[in-house]
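Chemist:
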Amino acid sequence: PAALGITDAQISQIQGIGQSVYNFDTLGAADGVVEKDDKVVAKIDWNIADGHRAAFTYIYNKGNILAGQTGIGALNATNPNFSLQSNNYTQGAENHFGVFQLNDQWTDSFSTQLRISYSDYVRLQVPFGAREFGEFRTCLAPASTLPALTCPAGTRQLTFGPDISRQANELDSQSLNIEFQATLQLNNHTVKLIAERRMQDIRNLFAQRVSGAWYFDSVADLQGRRANELDIAVPLRGGIDTVTAEFENNSWTFGIQDTVDVTDTLVVTAGFRWDLFDTPDRPFVNDAFFNRFGFTNAQTLNGRQLFQPRFGMNWKPTDRLTVRGSAGLFGGGSPNVWISNSYSNPGPTLGRVQVRRVPGVGGAADTFTISGLSGLSAAQQNAIGAATLNNVSGGPGIPAELIAAVRTTGTAASPTNALDPNFKVPSQWRVSGSFDYIANLGFLGDDWNFGADVIWSKVNDGLTWTDLRSVATGTLPDGRPRYSILPGQGATTNTDILLTNDGRGHSWNIVGRFDKRWDNGFRLAGAYTYQRAKDTNPGTSSVAFSNYTNTAVIDPNFAAFGTSNYQRDNAFRITAGYDAQLFGDNTTRFELFFNSLSGQRFSYTFADQASGNNRSNVFGVTGNNTRYSLYVPNVASPTADPLVSYAPGFDFAGFQSFVQNSELNKFQGQIAPKNIGKSPRYNKLDLAVRQEVPFVFGGKIELSMDMENVLNLIDSDWGTIRQVGFPYLGTLVNVTCANAACSQYQYANRSGTTFQAPNEAVNLNGSLWSIRFGARIVF
């Protein structure tokens, strides 16, 4: 941590205060967390009679890994916070899965298959500290300075306690699937009929900030139990169970497929799949939402359907050449986790408020503000604020009068998630083709396998999220709309997030590959992948508001269309191996795997620094204040672009140099497109060794060694993933309106007096080397 600008003494000091003042073990830097992955598999096969066979399989899996805020990158001026272990959590799942399958060959031309599967799934997201304590963030300044709620430039912050998304986070589901398939062979036709019933019970509790997020302006304030802010969400209709989404999500599927042997070398397949959704449970009906927008928030998937025609062919004109192709409409399945947001947050569910201290000047008493509530006098705000932010004791110490005030005045204005009444099940058109050719390269040998795959897809109905409570009321200097709160809602940051459709998006995936094995035991294979993909909302989260706010935007209230977060421009893969029997009949195998992958895409943005998680002063929406796509000014001189001026002390020379020497150069005078930035390329080399040795009763023991990321073992700077961190926003400047009409932007440094390029930090996931040893017995 010292290399990150935080000393061991500071960590020890915060740990000591956490224990002695708040009776909470903050834990230290996460450096010794045990990660586990346990599996049990059992299978029974039963040959009932000729042509009739049954099988039962049971799988148990439980695993967990370290997850949370400490996972990526170093501290920097625009990310000054470091999370102690108690602010992280273990992430994993526990799953019981069983499947019974019955295959029956009734005649030479007629067979059936019955498959029944059951799954009991629990997602694990367990914080290292008690959930009810809350999240504590402290500026490491020894004493508070003005302005309040602002950590001095260059000063780091430490956070402990369960993060806001783990304070109430539970997900479990039980599903029962019954699938029946019948196959009938008629001359050169093979007709397959399918019928499926899928039933799923889902319980999803996700309530952010229910134990609170506390901020302290200094170490002295933390010691003195004197907070400067509490950001909290209160269940409005009772206990935490009122925030839990519990619902059934079921579907029927019917389909037919005809496979026709047109000739000895050409096989054609055509058919369709028809999905029908039924959901007997509806979200809680929020009358205030209906009054605001004229339609109910209680929309579900019930009655919606998706018809998916499919076509395919397989042609083998010679013994060496095979050509395959397919086309059709493909659904993405039932988006349960996103649909569940309408159940878990139908409003009135959570009332979110921010209680803030306004320090008195010249010996005057502190005053307090509470945003998110209405109808409170200044005296009432001061009384509740003092009770909340003085003598802090953690999550259980939230005063009853604050909770009562939220439940009294926050009901109608509470945030709501809803499904578009005209919502269509996500789907995309896809056309694919591939060929495989076995080549004779003369003196280089025969049996070279060459192939290519091409997949083109186009979104038919995609997904996006927007805030209905933000309405366009003006135009910003670069032509994008400017938003304000829906009239009649007061000064609130609450949202009404609508899950709706967006039909934009397409992708190309092209792969060229080869594979060759020699009789002497050598093997060589390689592949090149070319990818181009455009989308609107990447759907990176299970939470509606996070999907709304964690993506680059041009129109501030809608995700921008452009290059996808998931695009990797190109990738190379080479595999080399050697099999030999160096002693006896015991096989020795060496394999090398080299992968080279284009860097993570990211968007150039600017930030309305004044907004934080409140409503933006410039753009008028709420959420992540760094997501707004950058307007790239003409940087020929500080006065060359009439739409932009620069704050005193702005490092124009540094900004100018960066623009002129980056992807932004050709977009001067325009809004930067989404994801034109690209982090460095990632190269990785893995080694695998296998050795058989004799064992009793004619068996063998296979010893194995897998060395992952050999390059990083050789040099710690190699084999590392360096990228702009999630949500892949490279924020360059702060922005404000230069005048009351906001007809001109004003840019300012993000921090300090020099321009700072996007921080491409090391992602610890995938950047470390490891060696695994194993053994298995084979009879």
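For the sequence shown, this note's numbering assigns the number 492 to the initial residue and increments by one for each residue that follows. Yeah, the Cβ is synthetic: ideal placement off N, Cα and C, and Gly gets one too. For clarity, every value in this text was computed on a predicted model and none was experimentally measured.
1. Across the region 802 to 815 and the region 925 to 936, are there enough close Cβ pairs to call them in contact, namely three or more that are closer than 8 angstroms?
2. Asp529 to Asn555, Cα distance in whole Å?
3. For the beta strand (DSSP E) containing Gly625, name the first residue and the last one.
4. Is the number of C-beta pairs between the region 1047 to 1060 and the region 846 to 859 that are closer than 8 angstroms three or more?
5. Thinking just about the alpha-carbon of each residue, which of Ser923, Asn782, Gly1012, Asn1086 is nearest to the one in Thr1079?
6. Determine, using beta carbons only, whether Ala1043 comes closer than 7 angstroms to chain C.
7. Flag Asp692 as yes when its Cβ comes closer than 6 angstroms to any non-hydrogen atom of the ligand HEM, and as no otherwise.
8. Looking only at DSSP bridge pairs, what is Ile1212 linked to?
9. Have a look at Ser1032 and Asp722 and give me their C-alpha separation to the nearest angstrom.
10. Which runs of the beta strand (DSSP E) spanning at least 3 residues fall entirely within the region 587 to 649, listed in chain order?
11. Rounded to a whole number of angstroms, what is the C-alpha to C-alpha distance between Asn1116 and Val883?
12. Considering only residues of the same chain and omitting the five flanking positions on each side of Phe1036, which have a CB-CB separation below 6 angstroms?
13. Short check: CB of Leu893 to CB of Thr902, under 7 angstroms?
14. Could you tell me whether the Cβ atoms of Arg1181 and Ser1195 are closer together than 7 angstroms?
15. How is Glu892 classed by DSSP in three states: helix, strand or coil?
16. Under a Cβ-count criterion, where at least 16 other Cβ atoms within 10 Å of its own Cβ denotes burial, should Phe934 be classed as buried or exposed?
17. If you measure between the beta carbons of Trp765 and Leu990, is that distance less than 7 angstroms?
18. If I'm right that Gly981 touches Ala1062 with Cβ under 8 angstroms, what's the distance once you round it to whole angstroms?
19. Please determine if the region 757 to 764 and the region 710 to 725 are in contact, where contact requires at least 3 C-beta pairs separated by less than 8 angstroms.
20. Tell me whether Asp1206 is buried or exposed, calling it buried when 16 or more other Cβ atoms sit within 10 Å of its Cβ.
21. Taking the Cβ atom as the reference point for each residue, do Asp1142 and Asn1240 lie within a distance shorter than 7 angstroms?
22. Would you say the region 501 to 512 touches the region 530 to 544, given that touching needs at least three Cβ pairs under 8 angstroms?
23. Under 7 angstroms Cβ to Cβ from Ala896, same chain only, skipping five residues before and after it: list those, please.
24. Report all residues from its chain with a CB closer than 6 angstroms to the CB of Ile685; omit the five preceding and five following residues, and keep chain order.
25. First and last residue of the beta strand (DSSP E) that includes Phe1097?
26. Helix, strand or coil: which one does DSSP assign to Trp689?
27. Give the straight-line distance between the Cα atoms of Arg622 and Ile731, rounded to the nearest whole angstrom.
28. Among Lys1025, Pro1129, Asn1048, Gly645, which residue has its Cα nearest to the Cα of Arg960?
29. Using 8 angstroms as the threshold, is the region 678 to 693 in touch with the region 702 to 722, meaning 3 or more CB pairs across them?
30. Quick check: the Cα distance between Thr986 and Asn836, rounded to an integer number of angstroms?
31. Can you give me the C-alpha to C-alpha distance between Ala1231 and Thr1245, rounded to a whole angstrom?
32. Considering Ser702, what are the terminal residues of the beta strand (DSSP E) in which it resides?
33. What does the Cβ neighbour count give for Gly583, buried or exposed, with the cut at 16 atoms within 10 Å?
34. In three-state terms, what does DSSP make of Tyr488?
35. May I ask you to verify whether the region 1017 to 1032 touches the region 959 to 977, counting CB pairs closer than 8 angstroms and requiring at least 3?
36. Could I get the ranges of all uninterrupted beta strand (DSSP E) runs contained in the region 906 to 966, with 3 residues as the minimum, in chain order?
Modeler: In brief:
1. Segment contact: the region 802 to 815 against the region 925 to 936, three or more CB-CB distances shorter than 8 angstroms; contact assigned.
2. 9 angstroms
3. Element bounds for Gly625: n/a, residue is neither H nor E.
4. no
5. With distances taken between CA atoms, Thr1079 lies nearest to Gly1012 out of Ser923, Asn782, Gly1012, Asn1086.
6. Within the model displayed, chain C is absent; a lone protein chain is all it includes.
7. What this structure holds is no ligand at all, so the ligand HEM is not there to describe.
8. Asn1254
9. 21 angstroms
10. Within the region 587 to 649, the complete beta strand (DSSP E) runs of at least 3 residues are 601 to 618, 626 to 630.
11. 28 angstroms
12. Ile988
13. No, Cβ-Cβ distance for Leu893 and Thr902 is not below 7 angstroms.
14. yes
15. helix
16. exposed
17. For Trp765 and Leu990, no; Cβs fall outside 7 angstroms.
18. Actually they do not touch by this definition, with Cβ atoms about 51 angstroms apart.
19. no
20. Label assigned to Asp1206: exposed.
21. yes
22. Judged by Cβ distances under 8 angstroms, the region 501 to 512 makes no contact with the region 530 to 544, as fewer than three pairs qualify.
23. Excluding residues within five positions, the ones whose Cβ falls inside 7 angstroms are Leu864, Leu867, Ile875.
24. These residues qualify, in order along the chain: Gln672, Gly746.
25. 1092 to 1098
26. Note on identity: in this sequence residue 689 is Arg, with Trp being the wrong assignment. Strand, per DSSP.
27. 13 angstroms
28. Asn1048
29. no
30. 11 angstroms
31. 27 angstroms
32. From DSSP, Ser702 is part of no beta strand (DSSP E); its letter is neither H nor E.
33. buried
34. As shown, the chain starts at 492 and ends at 1270. That puts residue 488 outside it, with no answer to give.
35. Three or more beta-carbon pairs separated by less than 8 angstroms are not found between the region 1017 to 1032 and the region 959 to 977, which leaves the two stretches without contact.
36. 907 to 910, 918 to 930, 939 to 958, 961 to 966
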